[in-house]
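Enquirer:
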Amino acid sequence: MSAFEFFFSFYGLLLGLSVAELVGGFARVLHERQRVRFGWLTPLLAVFVAMDVATFWSQAWTIFQGAPFNLSLLFLGLVVAATFYVAASVTFPRVTAEGVSDRIDLDAHFWAHRRLVFSCVLAANLIVATLFATLMSVNAEFAALSTPRLWVGMAIFVFGTAAAAFAPWRRLAVGALIVVVAYSVFNVLRSAAVLVAAGGWSPPGG
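Written out as C-alpha cells, the structure is:
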C-alpha cells in the first residue's frame with residue numbers, strides 16, 4: 024500500500040460519512056414527509072454540500088497523490104473531513120427528535136442553520152486552499168496548476184459561500200446560494216465534456 028492509498032483510505036472514509044449523513048438526513052425527512060414542509064432551500068443546500076464533498080474527493084487525487092506518509096497530513100485530513108461532517112449533519116433537521124406532533128419547516132431550518140453549514144464548508148475549503156497555495160509557492164509542478172480560471176473560481180466560491188452565510192438580506196443569501204450551486208454544476212458539466220471529448224473509457228477486457 025502506497026502512502027497515498029493509506030491516506031486516501033482514511034480521508035475517503037471520513038468524507039464518505041458526510042455523504043452518508045446527507046443521504047440519511049434526506050431519507051429521514053422523506054420518512055416523516057406527512058409533517059414536513061419541504062420548500063427548496065434546504066434541499067438546494069444539501070446539493071451544494073454534497074457536490075463540494077465530491078469535489079474534495081477529486082481534489083485529494085491532485086493534491087495528495089505525491090504526498091509522503093505523515094501524521095500531520097492525516098490530522099489535516101481529519102480536520103477537513105470532520106468540518107464537512109458537521110456541515111452535513113446540520114443540513115437536515117433531526118426529525119425523529121422533534122416530536123411526532125411537531126411540524127417541520129425545512130425553509131425555517133435553513134435560515135436557522137445556514138451560517139453554521141456555510142461556515143463549515145468555507146472553513147474546509149480555505150484550509151485546503153491554503154495548503155494548495157503553499158505547495159504552489161515551493162513546487163514548480165504545483166505552480167504550473169495556477170491559472171486565472173482557478174483563482175476566479177476560488178473567488179466565486181469563497182465570496183458566494185460567505186455571502187450565503189452572513190448576508191443580512193435574505194434575497195442576497197438565496198442569490199449567493201444559487202450562484203455557488205450553479206458554479207458547482209458548471210464544473211461537473213465541464214468535467215463531463217472533457218470525458219466525452221476524450222472518448223469516455225474502454226470496456227473491460229475479456
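Per my numbering, residue 24 is the first one in the sequence shown, and the count goes up by one each step.
We put the beta carbon where it would ideally sit given N, CA and C, even for glycine.
1) For ILE86 and chain C, any beta-carbon pair shorter than 9 angstroms?
2) Considering Cα atoms alone, identify which of HIS136, VAL217 and ASP75 is closest to TYR206.
3) Quick one: measure Cβ to Cβ for PHE107 and LEU200, integer angstroms, because I've assumed they're closer than 8 angstroms.
4) So ALA188 and LEU145 are in contact, right, with Cβ under 8 angstroms, and what is the actual spacing, rounded?
5) Kindly list the residues whose CB is nearer than 7 angstroms to the CB of GLY229, restricted to its own chain and excluding five residues on each side of it in sequence; keep chain order.
6) Which partner residues of VAL59 appear in the DSSP bridge assignment?
7) Taking LEU53 as the reference, which of PRO116, PHE180 and THR85 has the closest Cα?
8) Closest to ALA156 by CA distance: which of CYS143, VAL140 and TRP174 is it?
9) What are the uninterrupted segments assigned as alpha helix (DSSP H) that are 4 or more residues long and contained completely in the region 42–103, given in chain order?
10) Just checking my contact of ASN148 with PHE180 at CB under 8 angstroms: how many whole Å lie between their CB atoms?
11) Drop a sphere of 10 angstroms on the beta-carbon of THR184, count the other beta-carbons inside from all chains shown, and report buried for 16 or more, exposed for fewer.
12) Whole angstroms is fine: what's the gap from ARG60's alpha carbon to PRO66's?
13) Relative to the C-alpha of LEU101, which residue among ALA215, PHE31 and GLY223 is closest?
14) Looking only at C-alpha atoms, which of LEU218, VAL140 and PHE27 sits nearest to LEU94?
15) Report the residue from LEU158, LEU38 and PRO91 whose alpha carbon sits nearest the alpha carbon of THR78.
16) Does DSSP put PHE29 in a helix, a strand or coil?
17) Comparing C-alpha positions only, which one of GLU164, VAL202 and GLY89 sits nearest to PHE182?
18) So, with DSSP's three-state summary, where would you put PHE259?
Expert: Checking against the coordinates, here is how it stands:
1) Going by chain labels, chain C is absent from the structure shown, which holds only one protein chain.
2) Residue ASP75 is the option with its Cα nearest to TYR206.
3) Their Cβ separation, rounded to whole angstroms, is 17 angstroms, which puts PHE107 and LEU200 out of contact at 8 angstroms.
4) Under the criterion of beta carbons closer than 8 angstroms, ALA188 and LEU145 qualify as touching, at roughly 7 angstroms.
5) No answer about GLY229 holds up, because its pLDDT of 49 lies below 50 and its placement is not dependable.
6) Bridge partners of VAL59: ILE127.
7) The option with the nearest alpha carbon to LEU53 is PRO116.
8) The residue among CYS143, VAL140 and TRP174 with its C-alpha nearest the C-alpha of ALA156 is TRP174.
9) Secondary structure within the region 42–103: the alpha helix (DSSP H) runs of 4 or more consecutive residues, fully enclosed, are 64–86 (chain order).
10) Confirmed, Cβ separation roughly 7 angstroms.
11) With 16 or more Cβ atoms within 10 Å of its Cβ, THR184 is classed as buried.
12) Straight-line Cα distance between these residues: approximately 12 angstroms.
13) Closest option to LEU101, judged by alpha-carbon separation, among ALA215, PHE31 and GLY223: PHE31.
14) Ranked by Cα distance from LEU94, the first of LEU218, VAL140 and PHE27 is PHE27.
15) Answer by Cα proximity: LEU38.
16) Annotated three-state conformation of PHE29 is helix, per DSSP.
17) If we check each option's Cα against that of PHE182, VAL202 comes out closest.
18) Given a span of 24 to 229 for the chain in the structure shown, any question on residue 259 remains unanswerable.
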